[in-house]
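Notes follow the structure.
Protein chains in written order, with the numbering used here: chain W, 314 to 655; chain B, 8 to 543.
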């Protein structure tokens with residue numbers, strides 16, 4: 314036992330130590346990519362409005378003409394002093410952008426994951442249990458279609474049907490303009506803010522706005538969940554302990570739920586953990602389609618405007634989030650499965 | 008197991024809630040009349056004033072006047088701050104705003120006297136020192152996105168007492184009053200705005216304009232409520248304004264169709280506008296004068312554009328009416344001078360010189376006279392990421408028109424804006440598309456940037472006669488003489504063809520059927536005067 318906990322500690326320390334070079338490499342790549350790409354924030358905002366000489370003067374004032382190594386040193390210093398700066402193109406502190414837009418992405422991602430699990434788990438379970446049946450074939454087909462269909466296409470289709478034709482749902486945004494104006498932003502999570510403020514009208518409005526984007530993104534994830542659950546359930550149903558349970562006369566639904574399903578969930582949890590990290594940026598197309606003011610949407614705007622400060626700040630936080638989520642999953646896996654540590 | 012059941016219950020309830028929301032009909036929420044204090048009492052036709060929602064794809068760079076030089080930011084600023092002068096709605100005339108009057112003391116000294124008793128929305132006094140502080144602050148901060156370059160003609164600004172401001176210019180500049188109407192001239196509260204850096208955007212942006220900014224979420228929403236301390240002469244037709252920022256024209260169009268926004272303004276595509284014009288039971292399309300222009304630029308040092316005859320032959324071959332009707336569905340107007348129609352001094356110099364319709368015979372003759380072999384191979388550049396995807400259709404049409412004469416073989420090339428705007432400045436493009444959005448509605452803003460020696464875009468155009476005329480008109484105080492000089496510049500430039508004006512944009516908005524007043528604010532200044540918009 315002592316040897317086991319020692320190896321886990323050693324593993325954890327090694328993984329922690331690896332974070333530093335990993336983050337440094339990420340920061341350097343982000344910095345270089347932004348400089349390699351043509352243009353800069355001044356050119357993007359004022360090109361065609363000012364003469365070449367005036368543009369150059371503005372660039373100098375903004376510090377973009379300093380040697381790259383000096384700019385890099387300033388950037389690294391900013392990151393390590395936790396000062397992410399202010400976006401050049403909209404005068405917003407990056408911490409505010411992360412708080413406001415990050416909350417919108419979190420709300421969308423969380424709801425989408427919930428929808429994916431609510432739809433995907435039962436279908437995956439039943440498909441795995443009734444392997445090669447008509448339901449299994451239908452479930453697999455549904456999973457493949459939802460996974461393969463481009464998210465913007467599904468989004469536009471939803472908008473056309475539920476917003477344009479049926480007029481059931483608002484086509485875009487997080488809240489209707491008037492509700493948004495009246496609702497205080499306690500958390501920047503529209504549903505939570507509406508509950509916090511005891512505002513039933515805003516609550517219903519926020520759910521209506523959340524419905525289409527979260528179903529669009531949820532369906533995409535749902536395909537992954539269905540396939541994972543089905544495949545792993547089929548594997549676990551072949552296990553000796555399942556056979557033994559059946560031999561003891563345990564009812565089939567208990568065999569599936571208590572014995573097979575629990576074991577089948579282990580890889581699903583791992584993959585869903587990674588999916589959650591990817592959702593931080595993966596929701597960008599959904600956000601773009603539905604004018605959802607998330608962080609991915611905002612990042613695209615900043616990228617188009619070549620806003621170095623904003624892009625670097627947001628990607629730094631993304632990178633750190635992904636690194637720490639991966640680290641957490643590694644620890645959990647190492648704790649569950651001793652083979653990982655060796 | 009209980010935890011699993013709890014989780015499952017929560018998940019199912021949440022999903023069902025979303026489904027229930029989906030099943031209930033989505034009716035746009037009507038703005039409810041509230042208790043906001045109007046800056047000046049002016050209920051619309053006996054009814055209650057209502058809150059108006061404006062949808063736009065414009066972006067806001069900064070609400071601080073020292074940090075923005077773009078239409079999206081200025082739309083908010085014009086409604087939150089006052090300047091000494093403003094442009095009267097429906098005209099291009101400069102009239103007093105915070106000032107009671109301004110006048111030229113001599114050709115380089117401009118003096119303004121403030122209205123008495125002005126205050127900012129927080130109650131702080133607005134005096135001459137606040138004006139001087141605001142103007143100097145723009146120059147001192149010199150923000151990369153700021154309008155400091157607009158004030159480059161100013162030598163100094165000083166307060167005389169508490170109610171007089173004196174501007175001293177480097178050289179005579181007849182358009183200086185217009186510059187004071189731009190964002191560079193907005194007056195801020197010295198007690199609130201730091202002298203050497205921008206103020207973070209939000210309700211702390213204190214001005215003395217018609218509205219105060221009561222809530223602001225960047226790239227999402229700005230909420231403006233009437234400023235009870237406003238002492239100007241503008242009359243409110245609404246009880247507040249919400250500006251709702253949209254990502255794409257497609258969602259903007261859907262929002263105005265569904266009544267989620269009352270006014271959709273900038274930038275609906277020509278196709279969207281054509282579609283909305285047919286939906287007369289839901290929306291109405293309002294059009295007004297606009298002076299945004301698009302034009303083709305020639306680099307006069309690069310072949311084949313360095314040959315005057317080639318440039319003139321292109322001018323003879325372009326069919327502006329076809330571009331306006333076939334590409335833009337009639338939402339733009341053919342343009343025959345760099346100075347758009349509607350501005351004082353505007354002519355139709357290119358129509359006079361090259362006709363209103365293509366004339367291949369004259370094009371052929373001018374090339375033959377210069378000994379140029381046809382077809383002339385010419386590469387024309389355009390950009391899809393600054394002027395919209397319609398630019399591609401526009402230049403496909405221009406290619407078709409030029410090749411239809413049999414005199415040109417056109418290759419179209421495109422590049423993203425960042426690479427594009429650098430390349431044309433570095434003599435890499437012989438012919439390229441550009442557009443111009445005015446800082447202020449005066450002909451000089453359409454002539455000096457393009458025709459002065461060297462060219463604003465480094466296209467090597469040089470005509471000393473034009474340089475002299477521009478210097479003269481900028482210092483001219485006699486309006487008649489100045490108009491004559493402006494017209495002369497256009498005639499000379501049309502002969503040299505360093506640029507070919509193609510079209511002039513109209514301002515177009517789609518509004519709900521009960522919305523009023525949008526037509527009143529559509530004028531060449533592009534100032535969106537929110538206070539004029541109401542609902543009947």
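Heads up, the beta-carbon is just placed ideally off N, CA and C, and yes, glycines get one too.
{"Query": "To the nearest whole angstrom, what separates the beta carbons of residue 536 of chain B and residue 528 of chain B, a pair I think is in contact under 8 Å?", "Result": "4 Å"}
{"Query": "Is the Cβ of residue 420 of chain W closer than 8 Å to any Cβ of chain B?", "Result": "no"}
{"Query": "Would you mind giving the Cβ-Cβ distance between residue 388 of chain W and residue 625 of chain W, rounded to the nearest angstrom? I have them listed as a contact below 8 Å.", "Result": "6 Å"}
{"Query": "Is residue 189 of chain B buried or exposed, if buried means 16 or more other CB atoms sit within 10 Å of its CB?", "Result": "buried"}
{"Query": "To the nearest angstrom, how far is the alpha carbon of residue 33 of chain B from that of residue 480 of chain W?", "Result": "Note on residue 33 of chain B: pLDDT 44, under 50, position unreliable in the model; no value is reported."}
{"Query": "Take residue 538 of chain B and list the residues in its own chain whose beta-carbon comes closer than 8 Å to its own, dropping the five residues that flank it on each side.", "Result": "46, 86, 217, 218, 241, 242, 243, 244 and 245"}
{"Query": "Looking at residue 330 of chain B: is its Cβ nearer than 8 Å to the Cβ of residue 443 of chain B?", "Result": "no"}
{"Query": "Along chain C, in chain order, which residues have C-beta atoms closer than 9 Å to that of residue 317 of chain B?", "Result": "Checking the listed chains, one finds no chain C in this structure; the protein chains it contains are W and B."}
{"Query": "How far does the beta strand (DSSP E) with residue 301 of chain B in it reach, from first residue to last?", "Result": "300–305"}
{"Query": "What is the residue span of the alpha helix (DSSP H) that residue 424 of chain B lies within?", "Result": "424–432"}
{"Query": "Going by DSSP in three states, residue 398 of chain W sits in which element: helix, strand or coil?", "Result": "coil"}
{"Query": "For chain B, check one thing: does any of its Cβ atoms lie closer than 8 Å to the Cβ of residue 437 of chain W?", "Result": "no"}
{"Query": "With respect to the beta strand (DSSP E) encompassing residue 439 of chain B, which residues constitute its N-terminal and C-terminal limits?", "Result": "438–443"}
{"Query": "Can you confirm whether residue 625 of chain W, when its beta carbon is compared against all beta carbons of chain B, has any partner nearer than 8 Å?", "Result": "no"}
{"Query": "In the DSSP assignment, the beta strand (DSSP E) including residue 384 of chain B goes from what residue to what residue?", "Result": "383–389"}
{"Query": "Determine the direct distance from the alpha carbon of residue 477 of chain B to that of residue 40 of chain B, and round the result to whole angstroms.", "Result": "Residue confidence for residue 40 of chain B is low, a pLDDT of 34 falling below 50, so the modelled location carries little weight; the figure read from the coordinates is stated next. In a straight line, the C-alpha of residue 40 of chain B is about 52 Å away from that of residue 477 of chain B."}
{"Query": "Since residue 230 of chain B sits in a beta bridge, which residues does DSSP pair it with?", "Result": "B:222 and B:249"}
{"Query": "Give a yes or no on whether the minimum CB-CB distance between residue 570 of chain B and chain W is below 8 Å.", "Result": "Since the first residue shown for chain B is 8 and the last is 543, residue 570 of chain B is missing from the structure and cannot be characterised."}
{"Query": "Closest Cβ-Cβ distance between residue 378 of chain W and chain B: below 8 Å?", "Result": "no"}
{"Query": "With a threshold of 7 Å on Cβ separation, who are the neighbours of residue 413 of chain W within its own chain once the five nearest residues in sequence on each side are excluded?", "Result": "501"}
{"Query": "I'd like the list of long-range same chain contacts for residue 26 of chain B, defined as Cβ closer than 6 Å, with 5 residues on each side in sequence excluded.", "Result": "Interpretation of residue 26 of chain B is limited by its pLDDT of 49, a score under 50 that renders its predicted location unreliable; the figure taken from the coordinates is listed afterwards. Excluding positions up to five away in sequence, the list is empty."}
{"Query": "Checking the sheet assignment: what are the DSSP bridge partners for residue 507 of chain B?", "Result": "B:303"}
{"Query": "DSSP three-state call for residue 481 of chain W: helix, strand or coil?", "Result": "coil"}
{"Query": "Report the option in B:376, B:364, B:447 and B:237 whose CA atom is closest to the CA atom of residue 130 of chain B.", "Result": "B:237"}
{"Query": "Pull up the CB-CB distance for residue 619 of chain B and residue 346 of chain B, whole angstroms please, since I reckon it's below 8 Å.", "Result": "Here chain B has residues from 8 to 543 only, and residue 619 of chain B is not among them."}
{"Query": "Which runs of the beta strand (DSSP E), 3 residues or longer, sit entirely within the segment 156–203 of chain B?", "Result": "161–167 and 171–176"}
{"Query": "Near residue 475 of chain W, which residues of its chain fall below 7 Å by C-beta distance, leaving aside the five closest residues on each side in sequence?", "Result": "481, 482 and 525"}
{"Query": "For residue 65 of chain B, tell me which candidate among B:59, B:80 and B:147 has the shortest Cα-Cα distance.", "Result": "B:80"}
{"Query": "Quickly, what does DSSP pair residue 117 of chain B with across the bridge? List them, please.", "Result": "B:111 and B:174"}
{"Query": "Which of helix, strand or coil does DSSP assign to residue 268 of chain B?", "Result": "coil"}
{"Query": "List the residues that DSSP assigns as beta-bridge partners of residue 94 of chain B.", "Result": "B:101"}
{"Query": "Looking at the unbroken alpha helix (DSSP H) that takes in residue 463 of chain W, where does it start and where does it end?", "Result": "Segment: none, residue 463 of chain W is in no alpha helix (DSSP H) and carries neither H nor E."}
{"Query": "Are three or more beta carbon pairs between the segment 531–540 of chain W and the segment 552–570 of chain W nearer than 8 Å?", "Result": "no"}
{"Query": "Please identify the residue among B:122, B:171, B:150 and B:450 whose C-alpha is closest to the C-alpha of residue 204 of chain B.", "Result": "B:150"}
{"Query": "Starting from residue 467 of chain B, find everything on chain W with Cβ-Cβ shorter than 9 Å and list it in chain order.", "Result": "Ordered by position in chain W, no residue passes the 9 Å Cβ test against residue 467 of chain B, which lies about 13 Å from the chain."}
{"Query": "Within 8 Å (strictly less), CB to CB, does residue 454 of chain B reach chain W?", "Result": "no"}
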